[in-house]
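Since the structure comes first, as structure tokens, the remarks are kept for the end.
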Amino acid sequence: MIRIVLAEDQGMLLGALGSLLDLEEDMEVVGKARNGEEAVQLVNELDPDICIMDIEMPIKNGLDAAEEMKENKCEVIILTTFARAGYFEKARQANVSGYLLKDSPSEELASSIRKILDGRKVYAPELIDLAYEEENPLTDRENEVLQLIAEGKSTKQISKELYLTNGTVRNYISVIFDKLEVSNRIEAVSKVKDKDWL
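Those letters in the sequence shown? Residues 1 to 198, by UniProt numbering.
Following this line, the structure appears as structure tokens:
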């Protein structure tokens, strides 16, 4: 019997996931957590084969919890709405065995669990495309400028801090906008934070 711990902060989804997996003859949900901290505790206490976690949870998010479970023999599957390259990269660093999107067909979850227990990794195809497509296009200097923009610095303050002329800073900002395909500072900062490039 495959023993599973679920971690999901939305009660209805947690219940639905539990019911779905309990329909599988070879699977049993042994614990349910509403945040990452509870998930870590349950995995330590119950010693399950698999822990299926959301990312966005209170107290401790799923990626931090997965990082903590690295040494545990329990396999971790991230099940999330977020197809973000930055999240996926962090999940791979935490050595998670699976990363699936919540809009995947329900039967995919059970088959992914079995594949993972067979020693394979299972990643949603959209994420693999993202990981290869989406590398930070900015140079080190452009990243420096953007970091100062994120800190709320004006063009004048940036030029002073980086010993550049105002015109050069404006050129950098214009190149940053072009590369990121955005039209203002707020969009630029928001985009790089979303992709975990900053």
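Note that beta-carbon positions come from the ideal geometry of N, C-alpha and C, so glycine has one too.
On a predicted model such as this, the values are computed, not experimentally measured, just so you know.
The C-beta of Asn166 has fewer than 16 other C-beta atoms within 10 Å across all chains shown, which makes the residue exposed. In this structure, Leu46 sits away from Lys90, with a CB-CB distance that is not shorter than 8 Å. Measuring C-alpha to C-alpha distances from Gly36 to each of Asp49, Asn44, Ile55 and Asp26 identifies Ile55 as the nearest.
Judged by beta-carbon spacing, Gly18 lies beyond the 8 Å limit of Lys195, meaning their Cβ atoms are not closer than that value. When secondary structure is reduced to three states using DSSP, Arg3 falls in the strand class.
Just so you know, the alpha carbons of Ile50 and Trp197 end up roughly 30 Å apart. Shown here for Lys102: same chain residues with a beta carbon closer than 7 Å to its own, the five before and five after excluded, namely Leu79, Thr80 and Thr81 in chain order. Under the three-state reduction of DSSP output, Gly86 falls in the helix class.
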